[in-house]
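Comments concern the structure below.
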Amino acid sequence: MDSTNLKQALAALSIPHNHTSIGLTNLLSTSSLYQTLFLNHRLPPHGFTDTQIHLLLYQLSILDTNNSPRRCGVGEREARIYSSIVSNRHFGMGHGIGRSGDLCEP
242 MDSTNLKQAL AALSIPHNHT SIGLTNLLST SSLYQTLFLN HRLPPHGFTD
292 TQIHLLLYQL SILDTNNSPR RCGVGEREAR IYSSIVSNRH FGMGHGIGRS
342 GDLCEP
């Protein structure tokens, strides 16, 4: 969701503009830190907060096929996490590693 759509969605919830503008500023600045990390391969000069690290890890976990609500992997290396406590501890990342230990193995 881009910032314009997000502004409209927050306005529809009757959240005061002064609150949403601060929140959007924080969200956009965090997004800009992630862009610096991925595009420039550099950490931000003042590092990430714990909340920013958690958000990034959860966003990356969305890329794991195990976390798709529309599919259920049944391969031998698919993650099977029964406990939500364990899932939260690993930020939703649970995909198995290939038999060789190679993360890139198909």
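All letters in the sequence shown, in the order written, are residues 242 to 347 by my numbering. Glycine included, C-beta positions come from ideal geometry on N, C-alpha and C.
Contact annotation, LEU265 with LEU247: C-beta distance approximately 7 Å; criterion of less than 8 Å satisfied. Under the three-state reduction of DSSP output, PHE332 falls in the coil class, being neither helix nor strand. Per DSSP, the unbroken alpha helix (DSSP H) holding SER270 starts and ends at 258-281. Of the candidates ALA250, SER270, PHE332, LEU251, the residue whose Cα lies closest to the Cα of TYR299 is PHE332.
Between GLN293 and the set LEU304, ARG311, LEU280, LEU269, the nearest pair of CA atoms involves LEU269. Spatial neighbours of MET334 in its own chain (CB-CB distance under 7 Å, excluding positions within 5 residues in sequence) are listed in chain order as SER302, ASP305. Look at TYR323 here: in three-state DSSP terms it is coil, with no helix or strand label.
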